[in-house]
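Residue numbers (my numbering): 1108 to 1155.
Okay, structure coming up:
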């Protein structure tokens, strides 16, 4: 589900990765987080 806040010019969405352990789900998200500009991201939280 995506929420678009036109007033603050933000797009909020949830991304769900599903699959067996050790197949790269967390690594993929960490790469996306690391390559995103620091001014355009919040805190990365891992529930694992």
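Note that CB positions come from ideal geometry on N, CA and C, so glycine has one too.
In this text the structure is predicted, and so the values were computed from the model without any measurement.
- In this structure, the alpha-carbon of residue 1150 lies about 25 angstroms from that of residue 1127.
- Rounded to whole angstroms, residue 1117 and residue 1139 show a C-alpha spacing of 18 angstroms.
- 1133 is the residue among 1129, 1148, 1133, 1147 whose C-alpha sits nearest the C-alpha of residue 1123.
- Judged by DSSP in its simplified three-state form, residue 1143 adopts coil rather than helix or strand.
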